[in-house]
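Notes for the one structure printed next.
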Amino acid sequence: DAKTTQPNSMESNEEEPVHLPCNHSTISGTDYIHWYRQLPSQGPEYVIHGLTSNVNNRMASLAIAEDRKSSTLILHRATLRDAAVYYCILRGYSNSGYALNFGKGTSLLVTP
Amino acid sequence: DTGVSQDPRHKITKRGQNVTFRCDPISEHNRLYWYRQTLGQGPEFLTYFQNEAQLEKSRLLSDRFSAERPKGSFSTLEIQRTEQGDSAMYLCASQGRVDEKLFFGSGTQLSVL
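These protein sequence lines map, in sequence, to chains E and X.
Quick note: the first sequence uses the working numbering, first residue 1052, plus one each step.
Quick note: the second sequence uses the working numbering, first residue 67, plus one each step.
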């Protein structure tokens, strides 16, 4: 599986935008970019995913570089409830169906 | 939609004992996954079911681990002769037929003393 590289941690002020980067230089043409987040004591939660074009949903936006070797998850206005570990994952087709291989993610701290 | 349910939430056992966890996926979700997560690490894939068929097992799933999904509904994960290294959060996720998203339960925290 192609790997992703994320900063270990980031910090943001409440009500400010947050840009969470992810590098995936070995991405293949059929790999989807997925983002999940995990709040303390909970299972991971889907945030957003995309292939080539930028994507928006009610939780966040996903900006994908033209060469697809990097992407950025954008939280438009961070709240204290957004403090979580954010995982950037590449999902390609394999015998394991849609199994996702998580890395260590980025721990986001949101301060008031 | 009641979400993915896992039982129990916490399990404390002594080394050498057997434990079994249960996962109830979202109804009509045909794909089911088990993951394991240790402190400070992301979830690690263990095994995957499509309906009742177990289609893949990770090398992390030693012979002491077995998972079943009878009738393609709920699933169980059993660990025999538990070891202290088995202490972790065990997460279950389900996925619909045409959905990219995985829906995770809150997990079962296992502590092996």
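Backbone N, C-alpha and C fix where the C-beta goes; we use that ideal spot for every residue, glycine too.
Query	Result
Three or more C-beta pairs below 8 angstroms linking the region 1120-1128 of chain E and the region 1063-1072 of chain E	yes
Rounded separation between Arg130 (chain X) and Thr1130 (chain E) - CA only	43 angstroms
Separation of Ser1112 (chain E) from Met155 (chain X), as counted between CA atoms	30 angstroms
Alpha carbon of Pro136 (chain X) to alpha carbon of Gln103 (chain X), nearest angstrom	25 angstroms
Contact under 9 angstroms by Cβ, Val1136 (chain E) with Gln1089 (chain E)	yes
For Asn1074 (chain E), the residue or residues it bridges with in DSSP	E:Thr1056, E:Ser1121
Other residues of its chain near Ser1102 (chain E): CB distance less than 6 angstroms, five sequence neighbours each side excluded	Checking the sequence shown, residue 1102 (chain E) turns out to be Leu, not Ser. Excluding positions up to five away in sequence, the list reads Tyr1083.
CB-CB length for Leu98 (chain X) against Ser141 (chain X), believed under 8 angstroms	5 angstroms
When E:Leu1126, E:Lys1155, E:Arg1142 are compared against Asn1064 (chain E), the one with the closest alpha-carbon	E:Leu1126
Members of the region 98-114 of chain X that neighbour chain E once the beta carbon cut-off is set at 7 angstroms	Tyr99, Gln107, Gly108, Pro109, Phe111, Tyr114
Rounded separation between Leu81 (chain X) and Glu149 (chain X) - CA only	The sequence given here has Arg at residue 81 (chain X), not Leu. One C-alpha to the other measures close to 5 angstroms.
Min CB distance Ser1092 (chain E) to chain X below 9 angstroms	yes
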